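Quick note on numbering: full-length UniProt numbering labels position 155 of the sequence shown as 155, and the sequence is numbered without any gaps.
Note that the Cβ used here is the ideal one computed from N, Cα and C, for glycine as well.
Here the structure is a predicted model, which means the values were calculated and not measured.
Before any comments, here is the structure.
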Amino acid sequence: MSIVVSNVTKRFGDFVALDDINLTIPTGGLTALLGPSGGGKTTLLRIIAGLEEADTGTIEIEGTNATALPVQKRNVGFVFQHYAAFKHMTVAKNVAFGLEIRKRPKDEVKKRVQELLELVHLEQWSQRLPSQLSGGQRQRMALARALAIEPTVLLLDEPFGALDAKVRKELRDWLRRLHDEMHVTTVFVTHDQEEALEVADSLVIINEGRIEQIGTPDDLYDRPASDFVLSFLGPVTTLGGTLVRPHDIEISRYEQAAAAVGTITRWTRVGFEIRLEVTPEEGDKTPIQVVVTRSEATTLGLHEGDRVWLRVKVGADRVVS
Ligand SMILES: Nc1ncnc2c1ncn2[C@@H]1O[C@H](COP(=O)(O)OP(=O)(O)OP(=O)(O)O)[C@@H](O)[C@H]1O
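Below, the structure is given as C-alpha cells:
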C-alpha cells in the first residue's frame, strides 16, 4: 500500500481542519480527494507532501514512515492550481530544474527532459518561456517538471482549476491516459464531481475535516453512504420524503401507484434533456425535479400543465438513512 494516513488531525487555532483521518491510498492508482470548499482536501494533500505538519498522526509512503521527513526527502512531485514556473527559464530548463539541483549528469538530464516533453506533448515548445504558453500547456509543463524527479507519488492540487471548461476536459482525458502509461501513484484534489467521477479509480469524499466515504466512482454514485454523498455527486430531489436523482423518477400522465401526484409547472430544455418541475398536490408543495430525455417526453406525450403521477424507477438506488 503506497500511502497510509493514520489518525491525522490538524487544527488552525480552534478550528479543526482535519479530524482523525485514516486513509490508505493504493499503489499505482489515481485517487481523487473530493469535497466542498473548505473541507480539508488541500490541507490533507499538503500534509502528505510534507508542506504542512499534522498535529497528531502519521504518514507512511511506500512502507517508510514519512511523518518527520522533510518535503525533499519524500520523493513526491506536486502541481498546484496556479503553478509558479521560473519565468526567466525556458520550458526545457524548467523541466530540468529538479534534476539539475540533484546534480544528475548533463547527458542524462538532456535525455530525460526530451522524454518528458514528448510525454506531455510540448517538444516543439521546449525553447519558449512559460509566459509564451497557454494555460493548459503551462499545466502540462508543471506535470513534466513534477515527474522529472521520478516521484513515488504525484500530488495535484486542483491542477486544472483555473482553466476553461474545454481545456479542463482535454487535460483530464490526457491525465488519465498519462496515468495509464506511467502508473505513478497519483492523488489529486478537486471540488468538481464530474472531474473526479470521470478520471479517478478511487474517490475519497471529504467534508468538514472528515471522510464521508471512500470507494470507486460506481460505488459512490450507486451506493452513497449518506445523503451528503448522494447530493454531492449529482443533482437530487425529494420524492415521498426520500432523496432521489431526478432521472430516477418514473413519470406518467396516467393514474398509477405513485409517491406523488402533481402538475408540470416548469419545462426547460437543456440539450437532449428535458428538466421538469412538478408541483405536488399534497405536502409542502416544494417542486419535484424530474429529468427525461426529449424522446421520452415525446413518447409519454408530456406538456406543461399536465397532471402527472411520479414514482421511483424500479432498480434505482435510494439512500437508506
Ligand atoms: N494556514 C491556515 N491558517 C488558518 N486556517 C487555515 C489554513 N489553511 C487552511 N485553513 C482552513 O482550514 C480549512 C480547510 O482548508 P483546505 O484548504 O484544506 O480546504 P479545501 O477542502 O482544500 O478547500 P478548497 O476546495 O476551497 O481549496 C478551511 O476552513 C481553511 O480556511
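* Can you name the residues that DSSP bridges to Asp157? -> Your numbering for residue 157 matches position 157 in the sequence shown. Answer by DSSP bridge pairing, in chain order: Phe80, Val189.
* Asked: Val236 by DSSP, collapsed to three states: which one?
  -> Along the sequence shown, read from residue 1 onward, the residue named residue 236 stands at position 236. Val236 falls in the coil class under three-state DSSP.
* **Sequence-distant residues of the same chain with beta carbon closer than 8 angstroms to Val167, five excluded per side** => Within the sequence shown, numbered from 1, the residue matching residue 167 stands at position 167. Shown here for Val167: same chain residues with a beta carbon closer than 8 angstroms to its own, the five before and five after excluded, namely Ser134, Gly135, Gly136, Phe160 in chain order.
* At least 3 beta-carbon pairs within less than 8 angstroms: the segment 73–84 vs the segment 39–52 -> By the criterion of at least three beta-carbon pairs nearer than 8 angstroms, the segment 73–84 is in contact with the segment 39–52.
* **Residue range of the beta strand (DSSP E) that includes Asp19** => Here residue 19 refers to the residue found at position 19 when the sequence shown is read from its first residue. Where Asp19 is concerned, the enclosing beta strand (DSSP E) stretches over 15–25.
* To do: Indicate, with yes or no, if ligand 1 has a heavy atom lying under 7 angstroms from the CB of Ala17.
  => By 1-based counting over the sequence shown, the position of residue 17 is 17. Ala17 Cβ: within cutoff of ligand 1.
* Asked: With a cut-off of 8 angstroms, do at least 3 Cβ pairs link the segment 32–46 to the segment 13–20?
  -> Because the criterion of three Cβ pairs below 8 angstroms is met, the segment 32–46 and the segment 13–20 touch.
* Where the beta strand (DSSP E) through Lys10 begins and ends -> On the sequence shown, position 10 is the one that residue 10 refers to. That run of the beta strand (DSSP E) goes 3–12.
* Hey, how far is the Cα of Gly29 from the Cα of Glu150? -> Counting from 1 along the sequence shown, the entry for residue 29 is found at position 29. Counting from 1 along the sequence shown, the entry for residue 150 is found at position 150. When the Cα atoms are used, Gly29 and Glu150 turn out to be separated by approximately 16 angstroms.
* To do: Leaving aside the five residues before and after Lys285 along the sequence, list all residues of the same chain whose C-beta is less than 8 angstroms from its C-beta, in chain order.
  => As a position in the sequence shown, residue 285 is number 285, starting the count at 1. Here Lys285 has Thr279 as same chain residues with Cβ atoms under 8 angstroms from its own Cβ, once five neighbours each way along the sequence are excluded.
* Asked: So what does DSSP say about Ala96, is it helix, strand or coil?
  -> Working through the sequence shown from its first residue, we reach residue 96 at position 96. Ala96 falls in the helix class under three-state DSSP.
* Where Asn94 and Pro224 are concerned, what is the direct C-alpha to C-alpha distance, given to the nearest angstrom? -> Start at 1 with the first residue of the sequence shown, and residue 94 comes out as number 94. Start at 1 with the first residue of the sequence shown, and residue 224 comes out as number 224. Their Cα atoms are separated by approximately 43 angstroms.
* Let me know the secondary structure DSSP gives Val320 once reduced to three states. => Taking the sequence shown and counting its residues from 1, the one referred to as residue 320 is at position 320. Summary for Val320: the model assigns pLDDT 46, below 50, so the residue's position carries little reliability; its value from the coordinates is reported in the next sentence. It is coil, neither helix nor strand.
* Short check: CB of Val113 to CB of Val153, under 8 angstroms? -> Residue 113 sits at position 113 when you count from the first residue of the sequence shown. Residue 153 sits at position 153 when you count from the first residue of the sequence shown. Going by C-beta atoms, Val113 is not nearer than 8 angstroms to Val153.
* What is the rounded straight-line gap between the Cα of Leu122 and the Cα of Ala148? -> For this step, residue 122 is matched to residue 122 along the sequence shown. For this step, residue 148 is matched to residue 148 along the sequence shown. Leu122 and Ala148: Cα-Cα distance of roughly 14 angstroms.
* To do: Return the residue from the list Ala92, Val8, Pro26, Thr216 that minimises the CA-CA distance to Glu52.
  => Within the sequence shown, the letter at position 52 stands for residue 52. Taking only the C-alpha atoms, the option nearest Glu52 is Val8.
* Kindly examine ligand 1 and report whether one of its heavy atoms sits closer than 7 angstroms to the Cβ of Val189. => The count along the sequence shown starts at 1 and reaches residue 189 at position 189. Remark: the shortest separation between the CB of Val189 and any heavy atom of ligand 1 falls under 7 angstroms.
* Just grab the DSSP bridge partners of Pro280 for me. => Numbered from 1 along the sequence shown, position 280 holds the residue referred to as residue 280. Note: Pro280 sits in a beta bridge opposite Gly262.
* Asked: Does DSSP classify Glu195 as helix, strand or coil?
  -> Within the sequence shown, the letter at position 195 stands for residue 195. DSSP, reduced to helix, strand and coil, places Glu195 within a helical segment of the structure shown.
* Asked: Given Ala66, which residues of its chain have a CB within under 6 angstroms of its CB, disregarding the five upstream and five downstream residues?
  -> Within the sequence shown, residue 66 is the residue found at index 66, counting from 1. In the same chain as Ala66, and ignoring 5 residues on each side of it, the C-beta atoms closer than 6 angstroms to its own belong to Ile59, Arg74, in chain order.
* Does the distance from the CB of Ile274 to the CB of Val261 come in under 8 angstroms? -> If you number the sequence shown from 1, residue 274 lands on position 274. If you number the sequence shown from 1, residue 261 lands on position 261. No, the pair does not count as a contact, with Cβ atoms beyond the cut-off.
* Asked: Alpha carbon to alpha carbon, what distance is there between Met141 and Leu117?
  -> On the sequence shown, residue 117 is found 117 positions in, with the first residue counted as 1. On the sequence shown, residue 141 is found 141 positions in, with the first residue counted as 1. The straight-line gap from Cα to Cα measures roughly 8 angstroms.
* Would Asp157 be called buried (16 or more neighbouring beta carbons within 10 Å of its own) or exposed? -> Position 157 of the sequence shown holds residue 157. With 16 or more Cβ atoms within 10 Å of its Cβ, Asp157 is classed as buried.
* Can you give, in chain order, each stretch of the alpha helix (DSSP H) that sits fully within the segment 286–314 and has at least 4 residues? -> Fully enclosed alpha helix (DSSP H) runs of 4 or longer: 294–300.
* Ser202 versus Asn22 - alpha carbon distance -> Stepping through the sequence shown from its first residue, residue 202 is reached at position 202. Stepping through the sequence shown from its first residue, residue 22 is reached at position 22. Approximately 15 angstroms, taken between the alpha carbons.
* Compute the Euclidean distance between the alpha carbons of Leu155 and Phe80, then round it to the nearest angstrom. => As a first step, residue 155 is located in the sequence shown; it is residue number 155 there, counting from the start. As a first step, residue 80 is located in the sequence shown; it is residue number 80 there, counting from the start. Those two C-alpha atoms are separated by around 9 angstroms.
* Asked: From Lys110 to Ala85, what does the alpha carbon distance come to, in whole angstroms?
  -> As a position in the sequence shown, residue 110 is number 110, starting the count at 1. As a position in the sequence shown, residue 85 is number 85, starting the count at 1. One alpha carbon belongs to Lys110, the other to Ala85, and they sit about 19 angstroms apart.
* Through-space distance from Val189 to Asp164, alpha-carbon basis -> Position 164 of the sequence shown holds residue 164. Position 189 of the sequence shown holds residue 189. For Asp164 and Val189, the distance between alpha carbons rounds to 17 angstroms.
* **Three-state class that DSSP yields for Val109 in the structure shown** => The residue labelled residue 109 in the question sits at position 109 within the sequence shown. In the three-state reduction of the DSSP assignment, Val109 falls in the helix class, which pools H, G and I.
* Kindly give me the distance between the Cβ atoms of Val236 and Glu212, rounded to whole angstroms, as I take these residues to be in contact under 8 angstroms. => For the purposes of this step, residue 236 is identified with residue 236 of the sequence shown, where counting begins at 1. For the purposes of this step, residue 212 is identified with residue 212 of the sequence shown, where counting begins at 1. About 15 angstroms separates the Cβ atoms of Val236 and Glu212, ruling out a contact at the 8 angstroms cut-off.
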